[in-house]
Amino acid sequence: MGYKMIINHGVRGSVPNSSPHTLKYGGNTPCLELKTKKFQLIFDCGSGFSKVNFSNNLETIIFISHFHHDHIQGLPFNNFEKVKNKKILITSAHSNKDIVYANLSKYYSSPYFPVDFLEISNIFEFVDFNDVISRFGDLKINSIDLNHPGNCSGYSVTIKDKKFCYLLDNEYDENQKKDLIKFCNYSDTIIWDGMFLESELKDKKGWGHSSIEQGMIFAKEIDVKNFIISHHSPSRYDEEIDKLQNSFVGTNIKFASENEISEF
Ligand SMILES: [Zn+2]
Ligand SMILES: [Zn+2]
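The structure is reproduced here in structure tokens:
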């Protein structure tokens, strides 16, 4: 598959759901890996983070979209012993490195966690977003403020003529349409927050998520090759996603599937 790979380690929103009904699309919360010749870019550390295979030949950078638990709950659970002679960088576009450290440190210490994980692990280096994006050479990373309770950042990665956008979590709003189109037009892949159906969204205003139908409309308004709906509701079972996927046959819309590897 070459050196530009997207690996979906977790595509479920809010809470992991391991059941016979989520085997096909997966039950782990968000973590997406983008692998290039030099870099291993990780977007969020939901429970899917445990499956990231660290490579000592690549620089690993974790981009946190926001601090809701489904996007950080997997951070301590990986085989860090394999990581040699390097630190894993952690950054976020909307918070400086001290805030990122403070938030994660709070989550991963008493009474929420048995040990002070960040103190004892000594595997991470916290960096400001502006400092980290300057080190990528021909790889360009941008961010956009998303509409989500608390701060939340979407990210785009451009390598030569290829563009990838990660837009979890976001409550789509007509007011952001212009900026969002500008941010992700002419993309090869867009990851869209499709937590709800329109019928469910009316009772979930202010929860910070979009609908699958909003994604469908947005996908038509922009130039994009692969429009991927992710952050599936924990109650969205495989049979229902299959049905929805069938209704999109012949379009560029696809439902994200855990462990799927695609070309960037
Ligand atoms: Zn989420
Ligand atoms: Zn969230």
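Just remember that the numbering used here sits 151 ahead of the position in the sequence shown, which is counted from 1. Glycine is no exception: its CB is placed at the ideal position from the N, C-alpha and C atoms.
Reduced DSSP category for residue i - H, G, I as helix; E, B as strand; rest coil
| i | result |
| --- | --- |
| cysteine 316 | strand |
| cysteine 182 | strand |
| glutamate 411 | coil |
| leucine 331 | helix |
| histidine 383 | strand |
| phenylalanine 417 | Any answer about residue 417 is impossible in this case: the structure gives the chain only from 152 up to 415. |
| leucine 209 | coil |
| isoleucine 215 | coil |
| phenylalanine 264 | coil |
| glutamate 276 | strand |
| asparagine 326 | helix |
| lysine 233 | helix |
| glycine 199 | helix |
| serine 256 | helix |
| lysine 356 | coil |
| leucine 174 | coil |
| serine 285 | helix |
| serine 169 | coil |
Whole-Å CB distance - residue i paired with residue j, under 8 Å assumed
| i | j | result |
| --- | --- | --- |
| glycine 162 | serine 381 | The identity of residue 162 in the sequence shown is valine, whereas the question assumes glycine. About 5 Å; that satisfies the 8 Å criterion. |
| aspartate 221 | glycine 199 | Aspartate 221 to glycine 199, Cβ: 10 Å. No contact. |
| glutamate 270 | lysine 238 | The Cβ separation is near 15 Å, so there is no contact. |
| aspartate 320 | aspartate 344 | 5 Å |
| phenylalanine 95 | serine 307 | Since the first residue shown for the chain is 152 and the last is 415, residue 95 is missing from the structure and cannot be characterised. |
| isoleucine 215 | lysine 186 | Contact doesn't hold; Cβ gap of about 19 Å is too wide. |
| asparagine 326 | histidine 217 | In fact, because the Cβ distance is near 19 Å, the residues do not count as touching under 8 Å. |
| isoleucine 310 | lysine 155 | 7 Å |
Spatially closest choice to residue i from the options, by CA coordinates
| i | options | result |
| --- | --- | --- |
| isoleucine 341 | Glu414, Glu351, Val251, Leu348 | Glu414 |
| glycine 359 | Lys313, Ser307, Leu318 | Leu318 |
| leucine 348 | Asp312, Leu395, Ser260 | Leu395 |
| aspartate 324 | Thr309, Lys311, Lys291, Gly366 | Gly366 |
| isoleucine 223 | Ser261, Pro181, Lys189, Ile250 | Pro181 |
| isoleucine 274 | His219, Gly177, Glu232 | Glu232 |
| proline 385 | Lys356, Met346, Asp354 | Met346 |
| asparagine 207 | Ile213, Phe190, Asp195 | Phe190 |
| leucine 209 | Phe287, Ala244, Glu411, Ser408 | Phe287 |
| serine 165 | Met156, His219, Asn410 | His219 |
| isoleucine 368 | Glu351, Ser350, Lys328 | Lys328 |
| lysine 355 | His299, Ala370, Phe378, Asn204 | His299 |
| glutamate 409 | Phe264, Asn281, Lys202, Pro262 | Lys202 |
| asparagine 377 | Phe406, Glu351, Leu352 | Phe406 |
| aspartate 279 | Asp267, Ile241, Lys291, Ser272 | Ile241 |
| isoleucine 379 | Glu351, Leu352, Glu411, Asp389 | Glu411 |
| asparagine 94 | Asp249, Asn397, His383 | The structure shown does not extend to residue 94, since the chain spans only 152 to 415, so no value can be given for it. |
| threonine 211 | Ser256, Val283, Glu390 | Val283 |
Any non-hydrogen atom of ligand 1 closer than 7 Å to residue i Cβ
| i | result |
| --- | --- |
| aspartate 221 | yes |
| histidine 245 | no |
| histidine 172 | no |
| leucine 319 | yes |
| serine 338 | no |
| histidine 383 | no |
| glycine 164 | yes |
| proline 265 | no |
| proline 181 | yes |
Bridge partner(s) assigned by DSSP for residue i
| i | result |
| --- | --- |
| serine 294 | Tyr306 |
| asparagine 377 | Thr340 |
| asparagine 109 | Since the displayed the chain opens at 152 and closes at 415, residue 109 lies outside it and no answer follows. |
| arginine 163 | His383 |
| isoleucine 250 | Per DSSP, none; premise fails for isoleucine 250. |
| lysine 405 | Ile379 |
| serine 362 | Phe347 |
| isoleucine 158 | Glu184, Ile412 |
| phenylalanine 369 | Answer is none; phenylalanine 369 lacks a bridge partner. |
| threonine 242 | Phe214 |
Minimum Cβ-Cβ distance from residue i to chain B less than 8 Å
| i | result |
| --- | --- |
| glutamate 414 | Protein chains in the displayed structure number just one, and chain B is not present. |
Heavy atom of ligand 2 within 7 Å of residue i beta-carbon
| i | result |
| --- | --- |
| glycine 288 | no |
| glycine 161 | no |
| glycine 225 | no |
| glycine 178 | no |
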